[in-house]
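Heads up: the structure comes next, in structure tokens.
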Amino acid sequence: MMYSIVIFPSSKVQEVANSYRKRYDPTYALVPPYIRLKEAFNLEETKLPELVSHLEQVASSTESFTAHFHRVSTFHPTTNVIYLAVQNKDPFTALHEKIVNQCVAEKETYAYVPHLTIGRDLSDDELRDVTGQLSMAKIDLTSEIDRFHLIYQLEDGIWSVYQTFLLKK
Numbered sequence: 001m002m003y004s005i006v007i008f009p010s011s012k013v014q015e016v017a018n019s020y021r022k023r024y025d026p027t028y029a030l031v032p033p034y035i036r037l038k039e040a041f042n043l044e045e046t047k048l049p050e051l052v053s054h055l056e057q058v059a060s061s062t063e064s065f066t067a068h069f070h071r072v073s074t075f076h077p078t079t080n081v082i083y084l085a086v087q088n089k090d091p092f093t094a095l096h097e098k099i100v101n102q103c104v105a106e107k108e109t110y111a112y113v114p115h116l117t118i119g120r121d122l123s124d125d126e127l128r129d130v131t132g133q134l135s136m137a138k139i140d141l142t143s144e145i146d147r148f149h150l151i152y153q154l155e156d157g158i159w160s161v162y163q164t165f166l167l168k169k
């Protein structure tokens, strides 16, 4: 089965992200806006208890924190993705490293950059146009991060929460 580990930001941040995702993200209906902590990966069901135990340990040893989204950016030319950039990357990077350091799942494909995708699979022209428009928008959003989620993909492509892990207060 396909799994991923993500953070869902506050409903206010999700509302702003979804206002863009409706137009620019073909996965809009499949998963709420998220900050990825671990790329999607296949995992045998027999290894799931070991992964859950590891994630429980990570959560219990990690303090909750606040995320601040401050601008729109893109991964172009690597990929035509537009995202809300996270100003304070360190807590996300530390959490990511704790998760993947001892994770039973496959290794990461890309270098980790905490972000919230608001558009993907755009043509080069559309990417330039949308990025130009959104770069003028004032972005100043915060979200308390006090949990992360192990999610899995259903047969119809929709992602669902398998388990939620609470961070230390």
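In full-length UniProt numbering, the protein residues as written are 1 to 169.
For every residue, glycine included, the Cβ atom is placed at its ideal position computed from N, Cα and C.
Please read these numbers as outputs of a predicted model, since none were measured by experiment.
Asked, Found
"Where H76 sits in the DSSP three-state scheme", "coil"
"Alpha-carbon to alpha-carbon, L116 and F165", "20 angstroms"
"Contact between the stretch 36-45 and the stretch 69-80 (3+ Cβ pairs under 8 angstroms)", "no"
"Opposing strand residues paired with I99 [DSSP bridges]", "Bridge partners of I99: none, in fact."
"Y110 vs M1 beta-carbon contact at 9 angstroms", "no"
"K22 - DSSP class collapsed to helix/strand/coil", "helix"
"Start and end residues, alpha helix (DSSP H) containing T128", "In the sequence under discussion, the amino acid at residue 128 is Arg, which differs from the Thr named in the question. First-last of the alpha helix (DSSP H) with R128: D124 to L134."
"Ordered list of beta strand (DSSP E) runs contained in the stretch 19-58, each at least 3 residues", "35-42"
"Three-way DSSP call (helix, strand, coil) for Q14 in this model", "helix"
"CB contact flag (I7, R147, <9 angstroms)", "yes"
"Coil, strand or helix - A94 by DSSP", "helix"
"Simplified DSSP state of S64, which is helix, strand or coil", "coil"
"CB of T142 within 9 angstroms of CB of V13, strictly", "yes"
"Burial state of V161 (16 or more Cβ within 10 Å)", "exposed"
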